[in-house]
Amino acid sequence: MSVPISSERRRLTAAEFEMVELTHHPRICGLSEDERTAITRRIREFRDKARGIANRQRREMRRKAEPRGEREAADNSGTALKVQIFTSALKRLNRESRRAEEAAKRPTQSAVARNALELKRANRRRHHPDGRPTPSQGMRAITNSQGTVDTDPREIGRVSQFVKASQARRDAR
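Be aware that the sequence shown starts at 70, since it is given in our numbering, and climbs by one per residue.
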């Protein structure tokens, strides 16, 4: 369960809250890798200290340890909440670090386009075969020994005119 920022502000000291505040969304995206590492190290120290205090308070409540303050600990819910706040801040930092690493591994769009252009240029050969028969390629077309009939262009025009005239006669009926 996440803890609201108002509860974080109320439970943490000013120095602790300043570090935890950097792990929330808009601010965490602007951190460099070195800053994230330093903040992670500092928050781990805060978490370990709070975890130790919470364990000591739990032992005092069960009367397994002598009280270290004026009074013995009556409850450790505040310290346990601190541990939860620091743990969630560390999770956010780790998730952002992982996201940044994956983004760095992915190629940029310009690199992808450059690679595509190189592949295209390397593959500039013709991809369709020649029209002549080749050996061992299966069936081949038999060439026409008689040759083709050449039609006189005037004949083509005469036939077109004939069809046009007959169509006009049919339409006139």
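Where is the CB? At the ideal position from N, CA and C, for every residue including glycine.
Remember, predicted model here, so these are calculated numbers, not experimental data.
* At least 3 beta-carbon pairs within less than 8 Å: the region 91-104 vs the region 127-138 -> Touching, no.
* Asked: So the alpha helix (DSSP H) Lys189 belongs to, where does it begin and stop?
  -> Run containing Lys189: Gln178 to Ala191, per the alpha helix (DSSP H) assignment.
* Asked: Three-state secondary structure (DSSP) at Gly121?
  -> In the structure shown, the three-state DSSP call for Gly121 is helix.
* Asked: Any idea if Met88 is buried or exposed, counting beta-carbon neighbours within 10 angstroms, 16 or more meaning buried?
  -> A residue is called buried once 16 or more other Cβ atoms fall within 10 Å of its Cβ, and Met88 is buried on that count.
* Pick from Gly216, Thr217, Gln215 and Gly200 that is closest to Arg209, judged by C-alpha positions -> The residue with the shortest Cα to Cα distance from Arg209 is Gly200.
* Asked: Val152 by DSSP, collapsed to three states: which one?
  -> Three-state DSSP puts Val152 in a helix.
* **Rounded C-alpha distance that separates Pro198 from Ala180** => Cα-Cα distance, rounded: 33 Å.
* **Cα-Cα separation between Leu162 and Leu188, rounded to whole angstroms** => Going from the Cα of Leu162 to the Cα of Leu188 covers about 39 Å.
* Hey, Thr82 and Ile108: beta-carbon distance below 8 Å or not? -> For Thr82 and Ile108, no; Cβs fall outside 8 Å.
* What first and last residue would you give for the alpha helix (DSSP H) that runs through Arg238? -> In the DSSP assignment, Arg238 falls within the unbroken alpha helix (DSSP H) covering Pro222 to Ala241.
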